[in-house]
Structures are given as C-alpha cells and as structure tokens.
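Engineer:
Numbering (the working numbering), first residue to last: 6 to 309.
1) Pick helix, strand or coil for residue 188, following the three-state DSSP scheme.
2) Whole angstroms is fine: what's the gap from residue 40's alpha carbon to residue 18's?
3) Contact defined as beta carbons within less than 8 angstroms: I believe residue 172 pairs with residue 286. What is the distance between those atoms, to the nearest angstrom?
4) For the 8 angstroms Cβ check, are there 3 or more pairs between the region 220-232 and the region 245-256?
5) Rounded to whole angstroms, how far is the Cβ of residue 300 from the Cβ of residue 268, which I believe are closer than 8 angstroms?
6) Please identify the residue among 111, 242, 26 and 282 whose C-alpha is closest to the C-alpha of residue 102.
7) Between residue 218 and residue 52, what straight-line distance do the alpha-carbon atoms span, to the nearest angstrom?
8) Return the first residue and the last residue of the alpha helix (DSSP H) that residue 2 is part of.
9) How should residue 21 be labelled, buried or exposed, when 16 other C-beta atoms within 10 angstroms of its C-beta is the threshold for buried?
10) Round the Cβ separation of residue 111 and residue 72 to the nearest angstrom and send it over; I've been treating them as touching at under 8 angstroms.
11) What separation, rounded to the nearest whole angstrom, lies between the Cα atoms of residue 333 and residue 298?
12) Tell me the DSSP bridge mates of residue 173?
13) Can you tell me whether DSSP reads residue 46 as helix, strand or coil?
14) Compute the distance between the beta-carbons of residue 81 and residue 115, then report whether it is under 8 angstroms.
15) Which class does residue 304 belong to by DSSP, given the choice of helix, strand or coil?
16) Can you tell which of 221, 306, 264 and 64 has the C-alpha that lies nearest to the C-alpha of residue 37?
17) Can you give me the start and stop residues for the alpha helix (DSSP H) that residue 125 sits inside?
18) Please determine if the region 229-249 and the region 174-185 are in contact, where contact requires at least 3 C-beta pairs separated by less than 8 angstroms.
19) Please classify residue 34 as buried or exposed, where buried requires at least 16 other C-beta atoms within 10 Å of its C-beta.
20) Would residue 94 and residue 43 be called neighbours here (beta carbons separated by less than 8 angstroms)?
21) Does the Cβ-Cβ distance between residue 158 and residue 140 come in under 8 angstroms?
22) Considering only the alpha carbon of each residue, which of 29, 66, 263 and 10 lies closest to residue 168?
23) From residue 50 to residue 137, what does the alpha carbon distance come to, in whole angstroms?
24) Please state whether DSSP places residue 158 in a helix, a strand or coil.
25) Output needed for residue 89: all residues of its chain with C-beta closer than 6 angstroms, excluding positions within five of it in sequence on either side, in chain order.
26) Let me know the secondary structure DSSP gives residue 85 once reduced to three states.
27) Which same chain residues end up closer than 8 angstroms to residue 106 when comparing Cβ atoms and leaving out the 5 residues on each side of it in sequence?
28) Among 76, 78, 104 and 23, whose alpha-carbon lies nearest the alpha-carbon of residue 284?
29) Taking residue 162 and residue 292 to be in contact with their CB atoms under 8 angstroms, please state how far apart those CB atoms are, rounded to whole angstroms.
30) Could you check the C-alpha separation between residue 74 and residue 68 for me, to the nearest Å?
31) Roughly how many whole angstroms lie between the Cα atoms of residue 153 and residue 160?
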C-alpha cells in the first residue's frame, strides 16, 4: 500500500466583511476580503475500501456533519465512482473559530481526491461541489488574497497582500453564525443597490495597495454586544499595541496586526494567563506558496 499523503489545509482571516442585505433566496449578500494565513491543519490521505473521515479533535464530526465527508461523498456521486478514501484531519485550526477550517479541509480534500480517484470531473464541477458544501470553500481553491461576493462563493483573486506580525486570539466561546446574521437585521437588497454597494466595496478593497485600506467587519457590533468576552479579547489586543484589530468571520477569533515584535510578544504573554483564549502567531501565505504546499497546479484553478 502506498505511503499516506499529508497535505496542509490553511486557515483564512477576513480583512473586510460587509453584510449588504438579504437576497431573494433567503441568503445574505456579502462582500469580503479573504486572506490566507500560515495556521493550518494537516489532512492525511490513504487508500481505503470505503469513505472514512476521522479527526484528532473529538469535537469534529466524522460523518455527514463533516464538510470533508460531505464534499467527498458528493464527489463520488457526481463522478459515479465506488472507490473509498481514508482522510484523517490533524486539527490545529480552532473549530469553530471564524477561520474557515472546515471549509479549507473540504477544498483541500476535493483537490487532493483526484490523485486517488480517476474521474472525468472538470475543475469547474469540483469547485461547484465545494460551493454546495459551504460559503467559504471557494476561497480555498485560490489561496492568497481574494474578494468574495454573493454568499461568499463568487471569488476573484487579488494580488498578494503580505501582512507581518499577525496574532490570532481565539476565545473558547462558541458563536452561532445564523444568529449573528439574524441579529444584524439587514433589509432586503435590491439589484441596483447591490451593484452600487459592491462597486464601492471593490474600490475600497484595492485601497490596501495604497495604504488607505479600512479593516472592517459588520459582525463586530452584534458579536461584541452578545459576547463581551470576545470584545474583551479585541480590547486586549488593541491595548497591547496592535495597529489593527478585527473579528474574523463571525468569530470567535480576533486578529491583531502589530508593527512592533515586542508588542506582539507582550500580547501573547497577557493571553497566556487566560486558559479560555488560544493564540497563534501567523504569517500571510501567498498564492504561489499556497499551491506549491498543496502540490497543485495553480493554472487548473486560476484559468478554468
């Protein structure tokens, strides 16, 4: 039997997340800037007679409740294949954390499955399977920095953005994303209104390259009000000298961008005193590095 194949599965943060309004299909129209970071799980692939998904984290489901299982089952059905596959997830990305761990796992599993299963599925069909599994999955077919619109499934690559001295602080408090959307009380969105807002947001996203980018997340108002311990985490990062502090996704993770390595180390020491908060010092992951570490040809996903 061939040796198991070990592939990293990277996390993301949201440098910007705007919830624009409710769509006709009941979902919310969003605008977000996804950014890939070095914090990662590892997916261990090996041949098997049936589909098996396990995890080092006992809180992660190992059946249809797991995005990897769901994505690969959809892959097998679409391709009409019977072969199995064993995937073991070595978890490091907090779950839930607002860092896209499950979505990243699903995308990496779909990309890697083609090494084990002979299939005629196109890249577009594989991406569509990912989109059926979750709104954040699409970003992880691109890596680096991307703009996400629609439900987050319409993704456009941006030029790489490199951010140094990033510290992630994840509170153990679980956050309900559906409740967070509900508490935003966004109005129904018209087609004209959506187009106007999206054009404004796209211009704002590109301002990063000129130093005028605004870090913002519409969920902060409701999450910080509902979960004061997460607001406290953000405040501690800010008081420790972080230049920018932002909630990632709907939380509970908050990240800080530091100019001074000494300030970052001080923040880590402060959080070490709180057993309910885990910290991760991370770097940006460029698109080229992302595809190289996954062992994938970027042209298959950037030019389909």
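Using N, Cα and C, we set each Cβ at its ideal position, and we do this for glycine too.
Computed from a predicted structure; not experimentally measured.
Structural biologist: On the basis of the data shown:
1) Counting from one through the chain shown, the residue named residue 188 turns up at place 183. Residue 188: helix per DSSP, three-state reduction.
2) As a working note, residue 40 is residue 35 in the chain shown. As a working note, residue 18 is residue 13 in the chain shown. The straight-line gap from Cα to Cα measures roughly 5 angstroms.
3) Looking up residue 172 in the chain shown gives position 167. Looking up residue 286 in the chain shown gives position 281. Going by Cβ atoms, the distance from residue 172 to residue 286 rounds to 6 angstroms, so yes, they are a contact pair.
4) Yes, the region 220-232 touches the region 245-256.
5) If you number the chain shown from 1, residue 300 lands on position 295. If you number the chain shown from 1, residue 268 lands on position 263. For a cut-off of 8 angstroms, the C-beta gap from residue 300 to residue 268 is around 37 angstroms, too long to register as a contact.
6) Stepping through the chain shown from its first residue, residue 102 is reached at position 97. The option with the nearest alpha carbon to residue 102 is 282.
7) Mapped onto the chain shown, residue 218 falls at position 213. Mapped onto the chain shown, residue 52 falls at position 47. Looking at the two C-alpha atoms, the distance is approximately 46 angstroms.
8) Any question about residue 2 goes unanswered here, given that the chain covers just 6 to 309.
9) For the purposes of this step, residue 21 is identified with residue 16 of the chain shown, where counting begins at 1. Looking at its Cβ environment, which holds 16 or more other Cβ atoms inside 10 Å, residue 21 is buried.
10) As a working mapping, residue 111 is identified with position 106 in the chain shown. As a working mapping, residue 72 is identified with position 67 in the chain shown. Yes, residue 111 and residue 72 are in contact; Cβ-Cβ is about 4 angstroms, under 8 angstroms.
11) Here the chain has residues from 6 to 309 only, and residue 333 is not among them.
12) Residue 173 sits at position 168 when you count from the first residue of the chain shown. Looking at the DSSP assignment, residue 173 forms a beta bridge with 260 and 285.
13) Indexing the chain shown from 1 puts residue 46 at position 41. Three-state DSSP puts residue 46 in a strand.
14) In the chain shown, counting from the first residue as 1, residue 81 sits at position 76. In the chain shown, counting from the first residue as 1, residue 115 sits at position 110. Not a contact, by the Cβ cut-off of 8 angstroms.
15) Position 299 of the chain shown, counting from 1, holds the residue named residue 304. Reduced to three states, the DSSP call for residue 304 is helix.
16) By 1-based counting over the chain shown, the position of residue 37 is 32. Nearest to residue 37 by alpha-carbon distance, out of 221, 306, 264 and 64, is 221.
17) Position 120 of the chain shown holds residue 125. Annotation: residue 125 is outside any alpha helix (DSSP H) and is labelled neither H nor E by DSSP.
18) Yes, they touch.
19) Working through the chain shown from its first residue, we reach residue 34 at position 29. With 16 or more other Cβ atoms within 10 Å, it is buried.
20) For this step, residue 94 is matched to residue 89 along the chain shown. For this step, residue 43 is matched to residue 38 along the chain shown. Residue 94 places its beta carbon 8 angstroms or farther from that of residue 43.
21) Within the chain shown, the letter at position 153 stands for residue 158. Within the chain shown, the letter at position 135 stands for residue 140. The criterion of a C-beta distance shorter than 8 angstroms is satisfied by residue 158 and residue 140.
22) Mapped onto the chain shown, residue 168 falls at position 163. The residue with the shortest Cα to Cα distance from residue 168 is 263.
23) Position 45 of the chain shown, counted from the first residue, corresponds to residue 50. Position 132 of the chain shown, counted from the first residue, corresponds to residue 137. If I take the Cα positions, the gap works out to 22 angstroms.
24) Numbered from its first residue, the chain shown carries residue 158 at position 153. Residue 158: coil per DSSP, three-state reduction.
25) One-based indexing of the chain shown puts residue 89 at position 84. Correct list, in chain order: 53, 54, 55 and 56.
26) Here residue 85 corresponds to residue number 80 of the chain shown, with the count starting at 1. Reduced to three states, the DSSP call for residue 85 is coil.
27) Translated into the one-based positions of the chain shown, residue 106 becomes position 101. Non-local beta-carbon contacts of residue 106 in its own chain, meaning distances under 8 angstroms to residues more than five positions away in sequence, involve 14, 16, 46, 96, 98, 99 and 100 in chain order.
28) Position 279 of the chain shown holds residue 284. Ranking 76, 78, 104 and 23 by Cα distance to residue 284 puts 104 first.
29) Residue numbering aside, residue 162 sits at position 157 when the chain shown is read from its first letter. Residue numbering aside, residue 292 sits at position 287 when the chain shown is read from its first letter. With 8 angstroms as the limit, residue 162 and residue 292 qualify as a contact, their Cβ atoms being about 7 angstroms apart.
30) Here residue 74 corresponds to residue number 69 of the chain shown, with the count starting at 1. Here residue 68 corresponds to residue number 63 of the chain shown, with the count starting at 1. Roughly 6 angstroms between the two C-alpha positions.
31) Locating residue 153 in the chain shown gives position 148, where the first residue counts as 1. Locating residue 160 in the chain shown gives position 155, where the first residue counts as 1. Each residue's Cα considered, the two are about 5 angstroms apart.
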